[in-house]
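Peer 1:
Numbering (this note's numbering), first residue to last: 2 to 80.
1. Put residue 56 into one of helix, strand or coil per three-state DSSP.
2. Straight-line CA distance for residue 43 to residue 19?
3. What distance in whole Å lies between the Cβ atoms of residue 55 and residue 65, which are believed to be in contact at a cut-off of 8 Å?
4. Under the three-state reduction of DSSP, which class applies to residue 79: helix, strand or coil?
5. Once DSSP output is grouped into helix, strand and coil, what is the label at residue 13?
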């Protein structure tokens with residue numbers, strides 16, 4: 002089964018990267034931008050792992066993307 006890149010919800014990756022980039026941009030005077038590389042990589046990896054996991058459970062890229070987006074929003078908005 003061939004999966005085209007158009008069917009995979011890539012917005013999930015951007016949604017996972019946004020909080021890290023927003024935090025870095027608001028503190029640009031205090032930290033170097035290179036500090037955020039590890040956090041960006043971990044955040045993107047978390048988003049991809051959740052997306053693939055939910056895809057295996059639900060069987061649909063759209064629903065997996067929606068559930069991953071909700072999970073990331075809840076995770077990053079806590080506190």
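We put the CB at the ideal spot given by N, CA and C, even for glycine.
The model shown is predicted, which means the values in this text are computed figures rather than measured ones.
Peer 2: With the structure as the only source:
1. In the three-state reduction of the DSSP assignment, residue 56 falls in the helix class, which pools H, G and I.
2. Across the structure, residue 43 and residue 19 are spaced so that their CA atoms are roughly 13 Å apart.
3. Rounded, the Cβ-Cβ distance is 4 Å, consistent with contact.
4. Residue 79 falls in the coil class under three-state DSSP.
5. Three-state result, residue 13: helix.
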